[in-house]
Every structure is written in C-alpha cells, then in structure tokens.
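Q:
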Amino acid sequence: MVATHRVLARHNWRRLVDGVAADQAYPDALAEADRAFRLLRAAFDPDPPAAC
48 MVATHRVLAR HNWRRLVDGV AADQAYPDAL AEADRAFRLL RAAFDPDPPA
98 AC
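When you read off a place in the sequence shown, starting at 1, and then add 47, the result is the number in our numbering.
1) Would the region 57-73 count as touching the region 86-96 if we require 3 or more Cβ pairs under 8 Å?
2) Alpha carbon to alpha carbon, what distance is there between V67 and A90?
3) Where D92 and M48 are concerned, what is the direct C-alpha to C-alpha distance, given to the nearest angstrom?
4) State the Cα-Cα distance for the pair A56 and A78, rounded to the nearest angstrom.
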C-alpha cells in the first residue's frame, strides 16, 4: 500500500511540476487512485466485488 501511495504521489507531483493546476489534475489523480487501490484490493481479496 505504501508503494502504491508513493507512485500516485509521484504522478501528482509530476503533474504539478509540469504546470498543471491542482484543480485540473484532480479528476485524473482521483481516477488513478481509485483504480490503483481497487487493483490492490483485488490482489489481496479472494472474493473481490464484481466492479473491480
């Protein structure tokens, strides 16, 4: 989980360094975090929800 968080943080940092405003980056960052943590949950949950 920590590695997932670090990768997501690095992606967000890169967006900001590239000049993307935080409010513009937010939708993509949120979608990436949702997907990353759904995949992580599915990897550890023997019976993940169908939406994963």
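Here a beta-carbon is modelled for each residue, glycine too, at the ideal position from N, C-alpha and C.
A: In this structure, then:
1) Using a Cβ-Cβ distance cut-off of 8 Å, the region 57-73 and the region 86-96 are not in contact, since fewer than three pairs of beta carbons, one from each stretch, lie closer than that value.
2) The count along the sequence shown starts at 1 and reaches residue 90 at position 43. The count along the sequence shown starts at 1 and reaches residue 67 at position 20. Just so you know, the alpha carbons of A90 and V67 end up roughly 32 Å apart.
3) The sequence position of residue 92 within the sequence shown is 45, counting from 1. The sequence position of residue 48 within the sequence shown is 1, counting from 1. Straight-line measurement puts the Cα of M48 at about 14 Å from the Cα of D92.
4) Within the sequence shown, numbered from 1, the residue matching residue 56 stands at position 9. Within the sequence shown, numbered from 1, the residue matching residue 78 stands at position 31. Taking the straight line joining both Cα atoms gives about 13 Å.
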